Structures are given as structure tokens and as C-alpha cells.
Amino acid sequence: MGQEIALLNNYLVVGAMLFGIGLIGFLSRRNMIVMFLSAEMMLQGVSLSLVAWGRWHNDFGGQMLVIFIIAVAACEAAIGLALIMMLFQRSGSLDVAVWQTLREANQPPYVDSAESDEPPPTTDWPKLPTAGNRPELTPDETDHRSHV
Amino acid sequence: MIGPTEIYVAASLLGALGMWLMLPSAGARNRWLGIPPAAVALGMLLARTPRLGDWLADSVFLVMAVVTVVAAAATVTCRKPVYSALWFGLSLLGTAGLFMFQGAQFIAVATVVVYAGAILVTFLFVLMLAQPEGRASYDRTSWESLVSAVTGAVIVTVLSMTLTGVLTAETDAPLPSAAAEELGAGVLTKAHTARIGAELFGRHLIAVEVAGLLLLAALVGAAAIVGQSRGPLAEEDDETQETPDQSTI
């Protein structure tokens, strides 16, 4: 009895954590494919809870529901990935923000504060040696030229 | 005084802080700084869970739970989508182990075969087809990462607090669990897959048929969507073919 209730409790907590992490990813990531992965992860969290409840009630209903969740997730992946491919062919980018023109009319547009990959402009210019001076030659370099 | 509620709230806030630090951001934020608070939060949440009574069962469960949750967090926070997909595969393997630990052998195998074998490979295919070269700027920024991290933390807090509150409440008697011998005759039966099949094609036969119809509809829909994305070109071809016909008329 105690072990069963501990098992149910643990699985519900892990399922909640998976669901929460998937929710965070779905809300915050901008790559459409990563958003999709996060949605699948939320389904995994729900599946864990369902299997745990099924064991608690000694009933196969939870596992049946998980089987149908897997079937629906397969359908969802097929349709969603086809849509993502189509959107990628239209815009050339997996960014969801490209499609923000579909937002509600009274919503302000999202202004992208993108990270620039270039290093910031510096004022420290490299120091060049003074021109016109003959460089000191080492004995090796009098025999052959190490560089041209 | 520090009760279980405060521990849950503190753990969730720490987890939100860690996830916020780990998520990709436009500013110069050190993502590795997010790992210690997230790890502490995970440890606090898992330390609150009751023990199973057997140290081997406890350690197996804890290892699989940690693998699942850490891989899930890495899926969400990785900058490169291919790494995200691979971490998601690891998370799926951990979930399959958890299913197996519950005695749901068929679900575990189906998760590995269908999710990790088929769906994940489809994701990787689409990534190879669609991911542009180099580092994409949209993978290095995120929508309101702080708000979403707090949202996820609130959900985790509410779910774990209410559920564990229900399960451990002294006043309300918890729902009756099945005894060990009943479980052996039920979900833990040795003829597990046979029972699953009997249930699936007995009580849930109509649902199976509907699921098959749904799969067929998804197949046709995916083919139609992908065909439609090449639509304008096909229409242009049709017009070019039709124009000589009209001129002859």
C-alpha cells in the first residue's frame, strides 16, 4: 500500500516536471521544430501520469489511452512536419516570428532583439612596425627565406 | 517555519531561475550558470518524493527520473536543433525505462519503436532538409524566457502540491490502491501483451478503428500539404500547357 502510493506520487511528480519543461520550451523557443519537440515532451509527461494512474487503479485504461496518445502523436508529427516543411519553403526560415503577421489586429509586433554574432567594434588598432627599416636577419634566414 | 509548501515553492523558483538562465537569450548571459540552480531544484523536488521502500527500486527510479528530466531540460535549452532532437531521444529512452519500471512493457517498447524509432527520425529528416547552414539567429534568442520559465514552474508547483496533498491527506482517505495479488492478476500479469491486445481489440475496438482512420487521414493530409506547397509551380505548368490549346482553338 505504502509502496504503491509512493510510486504513484513519484510518477506524478516526474510527469509534472516533464510537462512543465515541455511547456517552457514550447512557450520560449522560436525554432518551429524545437517547439514541436517540446509539445511531444508534454505528451510524454501526460503519458507517465496516465500509466501511473492505471497501475494505481489496477486497470488497463491508462495504458490504452497512452497507446492512442502515441497514435495521435504520430499523426500530429506527420501533419506538423509537413506544415513546417511548407512554411520553410515559403519563408526560408524555421523562425516562428516570421509568421507574426498572423497575430491579432490589436497586438503590437514583436521587435526582435537579436544577438549580433560580430564582435563589437574596437578602437584598438593593431600596431604595425615602422616601415622602411631593414629587419634584422638571423643567420638561418640568410641561407634561405622562411617566408616571402 | 519551513513546511513542504515552502520547499516546493522554493524548488520551483530555483528551477525557473535555472531554466531562465539556461534558455537561449539575446544578451550575454552565461548559460552554464543555470545548471546549479536547476540541479538543486531537481534534487529538492526528488528528495521530497516518498521512498519506495527498497533501495534498489529507489535507485533505479531515481536514475531514470534524473536522466529523463535532465535530458528534457537539455532538449529545451540546446541551441542547436539537432542536439535538441538527440537529447529528446535520450529523454524518450528514460521515459521508456520508467514505463518498464511500472510494468507497462508494451508501452515502453512502443515508445522506443514509435517515438525514438519513427517520429524522432522524421524530425531529424526535416532538420536536415530545413535547417539553414551555420548558426541561426532565432535559435539563439527566445520569446519571453523569464515569463515562460515562471509559467512552467508555477504549473509544476501546483501539480505536485495538489497531487501530493491529495495523496497524503490524513483527513480525506486516499483512493484505494490495488493489493499486490490483485496487481499480479491485473496490470502486472505475466501475459501482459496478451491482456493488452485483448483489451485493445475488445473494449476499445471502435477506438482502434477510429485511430486507423485518423492515421490514414493524416497520411493523406501530409501528402496533400506537401503537394500543395509546390502548388504555384504546378499551376504555372498547367497554364503553359493549356495556352497552346487555347491558341489553337
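From first to last, the protein sequence lines stand for chains A and B.
Going by the working numbering, the residue at position 122 of the first sequence is 122; the numbering climbs one at a time, nothing skipped.
Take any residue in the second sequence, count from 1 to its spot, add 1000: that is its number in the working numbering.
Even for Gly, the Cβ is constructed at its ideal location relative to N, Cα and C.
These figures come from a predicted structure and were not determined experimentally.
Can you tell me which residues form a DSSP beta bridge with residue i?
i	result
D95 (chain A)	A:N31
Taking the straight line between their C-alpha atoms, what separation do you get for residue i and residue j?
i	j	result
A1149 (chain B)	A1010 (chain B)	14 angstroms
I1007 (chain B)	L1163 (chain B)	15 angstroms
I69 (chain A)	A52 (chain A)	15 angstroms
H144 (chain A)	E136 (chain A)	14 angstroms
A58 (chain A)	E1144 (chain B)	For the sequence presented, residue 58 (chain A) should be read as Asn rather than Ala. If you take the alpha carbons of N58 (chain A) and E1144 (chain B), they lie about 42 angstroms apart.
L1159 (chain B)	L43 (chain A)	15 angstroms
V1082 (chain B)	I84 (chain A)	16 angstroms
T1189 (chain B)	T1122 (chain B)	34 angstroms
W1020 (chain B)	L102 (chain A)	27 angstroms
I1225 (chain B)	R1031 (chain B)	38 angstroms
G1018 (chain B)	L1124 (chain B)	28 angstroms
I1119 (chain B)	F1101 (chain B)	23 angstroms
A1198 (chain B)	A82 (chain A)	35 angstroms
A1039 (chain B)	A1073 (chain B)	10 angstroms
G1212 (chain B)	G1003 (chain B)	50 angstroms
F88 (chain A)	L94 (chain A)	6 angstroms
G1015 (chain B)	L48 (chain A)	21 angstroms
P108 (chain A)	Q100 (chain A)	10 angstroms
G1202 (chain B)	L50 (chain A)	20 angstroms
V1147 (chain B)	S1137 (chain B)	21 angstroms
N133 (chain A)	T123 (chain A)	27 angstroms
Q1131 (chain B)	P1037 (chain B)	32 angstroms
A1191 (chain B)	T1151 (chain B)	43 angstroms
G1227 (chain B)	S1084 (chain B)	28 angstroms
W1055 (chain B)	A1047 (chain B)	14 angstroms
A1071 (chain B)	A1057 (chain B)	21 angstroms
V18 (chain A)	T1157 (chain B)	Correcting the residue identity first, residue 18 (chain A) is Leu in this sequence and not Val. Between L18 (chain A) and T1157 (chain B), the C-alpha separation is close to 12 angstroms.
I1196 (chain B)	R1029 (chain B)	49 angstroms
G1184 (chain B)	A1194 (chain B)	14 angstroms
Using a threshold of 8 angstroms, state whether the C-beta atoms of residue i and residue j are closer than that.
i	j	result
I67 (chain A)	I1107 (chain B)	yes
V13 (chain A)	L1045 (chain B)	yes
V1063 (chain B)	L1042 (chain B)	no
L8 (chain A)	I1155 (chain B)	no
A1153 (chain B)	G20 (chain A)	yes
A1104 (chain B)	Q63 (chain A)	yes
L37 (chain A)	T1075 (chain B)	yes
A6 (chain A)	L1214 (chain B)	no
M35 (chain A)	F26 (chain A)	yes
A1218 (chain B)	A78 (chain A)	yes
G54 (chain A)	G61 (chain A)	yes
S1142 (chain B)	S91 (chain A)	no
A151 (chain A)	E40 (chain A)	There is no way to answer for residue 151 (chain A), as the model of chain A reaches only from 1 to 148.
N10 (chain A)	F1099 (chain B)	no
T1005 (chain B)	M1128 (chain B)	no
Spatial neighbours of residue i within its chain, please: CB distance less than 7 angstroms, with the 5 preceding and 5 following residues excluded, ordered by chain position.
i	result
R1079 (chain B)	P1024, D1139 and R1140
E4 (chain A)	W56
V1069 (chain B)	L1042
G80 (chain A)	F36
Is there a C-beta anywhere in chain C that falls below 8 angstroms from the one on residue i?
i	result
G1053 (chain B)	Any reference to chain C falls outside this structure, whose protein chains are A and B.
In chain order, what residues of the same chain lie with their CB nearer than 8 angstroms to the CB of residue i, ignoring the 5 residues before and after it?
i	result
L1200 (chain B)	V1208
T130 (chain A)	none
Would you check whether the ligand NAP has a heavy atom nearer than 7 angstroms to the C-beta of residue i?
i	result
G1117 (chain B)	Ligands in the displayed structure: none, and consequently the ligand NAP is not present.
So, for residue i: in the same chain, excluding its five sequence neighbours on each side, which residues have a beta-carbon less than 6 angstroms away from its beta-carbon?
i	result
M1022 (chain B)	R1031, G1034 and T1077
T1248 (chain B)	Low local confidence applies: a pLDDT of 44 at T1248 (chain B) is under 50, so the model's placement there is unreliable, with the coordinate-based value given in what follows. Counting only Cβ-Cβ distances below 6 angstroms, and skipping sequence neighbours, we find nothing.
### Task
Kindly confirm or deny that the segment 1074-1088 of chain B and the segment 1039-1053 of chain B touch, where touching means at least three C-beta pairs closer than 8 angstroms.
The segment 1074-1088 of chain B makes no contact with the segment 1039-1053 of chain B, as fewer than three CB pairs between them are under 8 angstroms.
### Query
At a cut of 8 angstroms, does the segment 1092-1101 of chain B reach the segment 1109-1119 of chain B through at least three beta carbon pairs?
Because the criterion of three Cβ pairs below 8 angstroms is met, the segment 1092-1101 of chain B and the segment 1109-1119 of chain B touch.
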